[in-house]
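Engineer: Structure in structure tokens, see below.
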Amino acid sequence: MSEPVDILLRRLKSIMSLSDRDQEIIAGLPMEVKTFADGTDIVREGQRTEHCFTVLEGLAGSYKFTGDGNRQIPSLYVPGDVPDLTSLHLSHMDTGYRVLTRATLGFMPHRAIHEACSMSYGVTGVLWRVTLIDAAIFREWLTNIGQRSTIARLAHIFCEMYVRYEAVGLVDGDTYSLPLTQQELGDAIGTSTVHVNRVVQELRGRKLIHWADGRLKVLNMMDLIEVGDFDPAYLHLSHASPKAVSE
Amino acid sequence: MTRYFFDTRDGDTVFEDLEGLEFPDINSAEQAAVVAVLSIARDAIVAPLDRNIEMSIRTGDRKIVATYTLTFLAR
Chain A
5 MSEPVDILLR
15 RLKSIMSLSD
25 RDQEIIAGLP
35 MEVKTFADGT
45 DIVREGQRTE
55 HCFTVLEGLA
65 GSYKFTGDGN
75 RQIPSLYVPG
85 DVPDLTSLHL
95 SHMDTGYRVL
105 TRATLGFMPH
115 RAIHEACSMS
125 YGVTGVLWRV
135 TLIDAAIFRE
145 WLTNIGQRST
155 IARLAHIFCE
165 MYVRYEAVGL
175 VDGDTYSLPL
185 TQQELGDAIG
195 TSTVHVNRVV
205 QELRGRKLIH
215 WADGRLKVLN
225 MMDLIEVGDF
235 DPAYLHLSHA
245 SPKAVSE
Chain B
44 MTRYFFDTRD
54 GDTVFEDLEG
64 LEFPDINSAE
74 QAAVVAVLSI
84 ARDAIVAPLD
94 RNIEMSIRTG
104 DRKIVATYTL
114 TFLAR
């Protein structure tokens, strides 16, 4: 029977091989499952928490507001990710987290995670690796926003999301769930909805993607990789190679 | 909410917005267009060559409600 924790295990195993004992320790973590309506805050900036959450279903994002009210979405989180693992060691949240569609999350108490880490160096290592990979993704997004053209930024994110969903077995017929508004996508790549809309139409026109009803289908992975200047090495997956869609 | 279409012209290259976007009012559509023109120019202007980038906002019945032109002169 499938358990909520399975998706977390699948994610962790995609970045590091885990012993049977380590998998049992992680599977034994108490997890409170809650469903959130689209756009609900999970945790706010400045808050202190006593648990970490993993995404079980749906999509979540972090967000920050500038002093004059502009929003940036510095990262997106797919099922199996543990976005606020930093809260295990840092006293308060330096960013907010919100679900970007209806989503189901699993909350694990800090105390139980600390205990699991003290039982096994493998568990400590894999959770450490999760935060290191999150930081690698931040570096890539920073490079994306600072140095790439808007069409490359968007193509890059579409490639990245493909690889991340594929790592947890959630790509189906070259299609994955991307229930983002163009506003949210604009806030993620640092431009306006109007420019995002134009670039999406351009990617469609070049027959690279089809995006409708919150599902993104990659029509030509090789060309999308080229436009997005994408190399999955920074995702540090055990076997990262977005397979060529065009045969 | 009203759907507005944002067409752009960059020299001889014309992009006609086939999908449009919904905005609560013309002011928010204009604000989004201003940010977009600057971001499009940032991608487009990469060499010291004259450029003229134009964006028009139109409604579904093809009535143009605003036009913005950004001229880059290399002298």
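Line order of the protein sequences matches chains A and B.
This note's numbering numbers the first residue of the first sequence as 5 and each following residue consecutively.
This note's numbering numbers the first residue of the second sequence as 44 and each following residue consecutively.
Cβ atoms here follow ideal geometry from the backbone N, Cα and C, with glycine treated the same way.
Among all the DSSP beta bridges, which residues are the ones paired with A:W215?
Structural biologist: Counting from one through the first sequence, the residue named residue 215 of chain A turns up at place 211. DSSP, once it has assigned bridges, lists A:L220 as partnering A:W215.
Engineer: Closer than 8 Å is the cut-off here; do at least three beta carbon pairs connect the stretch 141-153 of chain A with the stretch 65-84 of chain B?
Structural biologist: These segments do not touch.
Engineer: If you run the structure through DSSP and keep just helix, strand and coil, what is A:Q76?
Structural biologist: Translated into the one-based positions of the first sequence, residue 76 of chain A becomes position 72. DSSP places A:Q76 in strand when its eight states are reduced to three.
Engineer: Have a look at A:V203, A:H199, A:G218 and A:Y166 and flag the residue whose alpha-carbon is nearest the alpha-carbon of A:I229.
Structural biologist: Residue mapping note: residue 229 of chain A aligns to position 225 of the first sequence, counting from 1. Ranking A:V203, A:H199, A:G218 and A:Y166 by Cα distance to A:I229 puts A:Y166 first.
Engineer: Where does A:P87 land, buried or exposed, given buried means 16+ other C-beta within 10 angstroms?
Structural biologist: Residue mapping note: residue 87 of chain A aligns to position 83 of the first sequence, counting from 1. Buried, because 16 or more other Cβ atoms sit within 10 Å of the Cβ of A:P87.
Engineer: Going by alpha carbons, who is nearest to A:V59 out of A:L22, A:H240 and A:V172?
Structural biologist: Position 55 of the first sequence, counting from 1, holds the residue named residue 59 of chain A. Of the listed residues, the one whose Cα sits closest to A:V59 is A:V172.
Engineer: Along the chain, where does the alpha helix (DSSP H) that runs through A:T128 open and close?
Structural biologist: Numbered from 1 along the first sequence, position 124 holds the residue referred to as residue 128 of chain A. Its alpha helix (DSSP H) spans residues Y125 to Q151.
Engineer: Are the Cβ atoms of A:G126 and A:I11 separated by less than 7 Å?
Structural biologist: Residue mapping note: residue 126 of chain A aligns to position 122 of the first sequence, counting from 1. Residue mapping note: residue 11 of chain A aligns to position 7 of the first sequence, counting from 1. No, these two residues do not count as a Cβ contact at 7 Å.
Engineer: Is the beta carbon of B:F49 closer than 7 Å to that of A:V198?
Structural biologist: Sequence index remark: in the first sequence, residue 198 of chain A carries index 194 (1-based). Sequence index remark: in the second sequence, residue 49 of chain B carries index 6 (1-based). The answer is yes: Cβ separation under 7 Å.
Engineer: Which residues in chain B sit within 8 Å of A:H199, going by Cβ to Cβ distance?
Structural biologist: In the first sequence, the residue the question calls residue 199 of chain A occupies position 195. Simply V78, A79, S82 and I83.
Engineer: From what residue to what residue does the alpha helix (DSSP H) around B:S99 run?
Structural biologist: The count along the second sequence starts at 1 and reaches residue 99 of chain B at position 56. Segment R94 to T102 is the beta strand (DSSP E) holding B:S99; no alpha helix (DSSP H) there.
Engineer: Can you look up A:L189 in the DSSP assignment and give me helix, strand or coil?
Structural biologist: Walking along the first sequence from the start, residue 189 of chain A turns up at place 185. Residue state, collapsed to three classes: helix.
Engineer: So for B:M44, helix, strand or coil by DSSP?
Structural biologist: Taking the second sequence and counting its residues from 1, one reaches residue 44 of chain B at position 1. In the structure shown, B:M44 sits in coil (DSSP, three-state: anything other than H, G, I, E or B).
Engineer: Counting only C-beta atoms, is B:A109 closer than 7 Å to chain A at any point?
Structural biologist: Numbered from its first residue, the second sequence carries residue 109 of chain B at position 66. It does not: the Cβ of B:A109 has no partner Cβ on chain A nearer than 7 Å.
Engineer: Using CA coordinates, which residue listed in A:I213, A:E36, A:V82 and A:Q51 is at the minimum distance from A:G177?
Structural biologist: As a working mapping, residue 177 of chain A is identified with position 173 in the first sequence. Nearest C-alpha to A:G177: A:I213.
Engineer: Ignoring anything shorter than 4 residues, give me the alpha helix (DSSP H) runs that lie fully in the stretch 153-205 of chain A, in order along the chain.
Structural biologist: List check, alpha helix (DSSP H) in window: 154-171 and 186-193.
Engineer: Nearest-angstrom Cα distance between A:Q76 and A:S196?
Structural biologist: Reading the first sequence from its first residue, position 72 is the one you call residue 76 of chain A. Reading the first sequence from its first residue, position 192 is the one you call residue 196 of chain A. Those two C-alpha atoms are separated by around 11 Å.
Engineer: Just list the beta strand (DSSP E) runs in the stretch 20-94 of chain A, keeping only unbroken ones of 3 residues or longer that don't cross its boundaries, in chain order.
Structural biologist: Counting whole runs of 3 or more residues, the stretch 20-94 of chain A contains the beta strand (DSSP E) stretches 36-40, 45-47, 55-61, 64-69 and 75-81.
Engineer: So which residues of chain A does B:T51 contact, with C-beta pairs closer than 8 Å?
Structural biologist: Translated into the one-based positions of the second sequence, residue 51 of chain B becomes position 8. In chain order: R202.
Engineer: Using a Cβ-Cβ distance cut-off of 7 Å, determine whether A:T259 contacts chain B.
Structural biologist: Any property of residue 259 of chain A remains undetermined from this structure, which presents chain A solely from 5 to 251.
Engineer: Looking at the secondary structure, which residues open and close the beta strand (DSSP E) in which B:R118 lies?
Structural biologist: For the purposes of this step, residue 118 of chain B is identified with residue 75 of the second sequence, where counting begins at 1. Element bounds for B:R118: n/a, residue is neither H nor E.
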